[in-house]
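Heads up: the structure comes next, in structure tokens.
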Ligand code: SF4
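In the numbering used here, the protein residues as written are 41 to 248.
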């Protein structure tokens, strides 16, 4: 696929599934993204709401004990591990960064449980800094459709950053996640409802 085809399709996906954020508080985005690991969005939403209703600030979370968080975040699963991480992260942000989430990839990656996907989500959604967050949807769809040929999300991030214009780096995550949940699903993608069959590598392979 040519670079201009990739940009055209990526732009269309962002138009079809626009990004809408209710808040851009970097701390809440960071903690919600930790809660979202290995669970569904609905569970993350319940756990985040429970948690922030009781502990709305970094200061309050830094003082909490993991056990106090268990019931609140249980809906998101892996709640013991997540509770430990959330409190450790809150303490580090309070003590090392004066209560403000750092707006730098390298610093975010030093926080416990924070990988490139989470860090890039925080950079874009919290600070509007262009960053490509590659989760399973972005990795799968990018390879399936033919944007990239890669083995790992890190490689996908690297390759996408070479072809996508910077203004699509941030929005592509949320848009591709929605596209991946509704149309280009992990199993049985709904190709008959997809406007990108003409350029799609996977679709062409089905027709051979
Ligand atoms: Fe996904 Fe099918 Fe669309 Fe290709 S044609 S992007 S496989 S839904």
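Glycine included, every Cβ here is placed at the ideal spot set by N, Cα and C.
Residue 82, buried or exposed, once every other Cβ within 10 Å from all chains shown has been counted against 16: Taking the first residue of the chain shown as 1, we reach residue 82 at position 42. Looking at its Cβ environment, which holds fewer than 16 other Cβ atoms inside 10 Å, residue 82 is exposed.
N-terminal and C-terminal residue of the alpha helix (DSSP H) that residue 80 is part of: On the chain shown, residue 80 is found 40 positions in, with the first residue counted as 1. It is not in any alpha helix (DSSP H) - residue 80 carries neither H nor E in the DSSP assignment.
Neighbourhood of residue 46 by C-beta distance below 6 Å, restricted to the same chain and skipping five residues each side: Residue mapping note: residue 46 aligns to position 6 of the chain shown, counting from 1. Here residue 46 has 187 and 203 as same chain residues with Cβ atoms under 6 Å from its own Cβ, once five neighbours each way along the sequence are excluded.
Please give me, in chain order, every unbroken run of the alpha helix (DSSP H) with length at least 4 that falls completely inside the region 55-133. 66-75, 81-94, 98-103 and 106-113
Within 8 Å, do at least three Cβ pairs link the region 164-174 to the region 193-200? yes
Are the region 218-229 and the region 52-61 in contact at 8 Å, needing three or more beta carbon pairs? yes
What is the DSSP secondary structure of residue 41, reduced to helix, strand or coil? For the purposes of this step, residue 41 is taken as residue 1 along the chain shown, with counting starting at 1. The answer is coil: DSSP assigns residue 41 none of H, G, I, E or B.
Sequence-ordered residues whose beta carbon comes within less than 7 Å of a heavy atom of the ligand SF4: 181, 184, 185, 223, 224, 229, 230, 231, 234, 236, 237, 240, 242 and 243
Nearest neighbour of residue 67, chosen from 166, 89 and 105 [CA to CA]: Reading the chain shown from its first residue, position 27 is the one you call residue 67. Minimum Cα distance to residue 67 is reached at 166.
Nonlocal neighbours in the same chain, by C-beta distance under 6 Å from residue 240, ignoring five residues either side: Within the chain shown, the letter at position 200 stands for residue 240. Result list for residue 240: 185, in chain order.
Which value, in whole angstroms, describes the spacing of the CA atoms of residue 123 and residue 43? Locating residue 123 in the chain shown gives position 83, where the first residue counts as 1. Locating residue 43 in the chain shown gives position 3, where the first residue counts as 1. Approximately 43 Å, taken between the alpha carbons.
Which residue marks the beginning of the alpha helix (DSSP H) containing residue 158, and which one marks its end? As a position in the chain shown, residue 158 is number 118, starting the count at 1. Taken as a continuous stretch (DSSP letters only), the alpha helix (DSSP H) holding residue 158 covers 156-161.
Find out if the Cβ-Cβ distance for the pair residue 116, residue 158 is shorter than 7 Å. Translated into positions along the chain shown, residue 116 becomes position 76. Translated into positions along the chain shown, residue 158 becomes position 118. No, they are not a contact pair.
Let me know if residue 235 comes out buried or exposed under the rule of 16 or more other beta-carbons within 10 Å of its beta-carbon. Locating residue 235 in the chain shown gives position 195, counting from the first residue. With fewer than 16 other beta carbons inside 10 angstroms of its own, residue 235 counts as exposed.
Exposed or buried, which one is residue 180 when buried takes at least 16 other CB atoms within 10 Å? Counted from its first residue, the chain shown places residue 180 at position 140. When all chains shown are included, residue 180 counts as buried.
Counting along the chain, where does the alpha helix (DSSP H) carrying residue 220 start and finish? Here residue 220 refers to the residue found at position 180 when the chain shown is read from its first residue. Element bounds for residue 220: 211-222.
Measure from the alpha carbon of residue 98 to the alpha carbon of each residue in 161, 52, 232 and 129, then state which is nearest. Reading the chain shown from its first residue, position 58 is the one you call residue 98. Measuring from the Cα of residue 98, the nearest candidate turns out to be 129.
Option nearest residue 223 by Cα separation, candidates 80, 53 and 127: Position 183 of the chain shown, counted from the first residue, corresponds to residue 223. Among 80, 53 and 127, the Cα nearest to that of residue 223 is on 53.
Quick one: give me the first and last residue of the alpha helix (DSSP H) that residue 142 is part of. Walking along the chain shown from the start, residue 142 turns up at place 102. Neither: residue 142 is in no alpha helix (DSSP H) and is coded neither H nor E.
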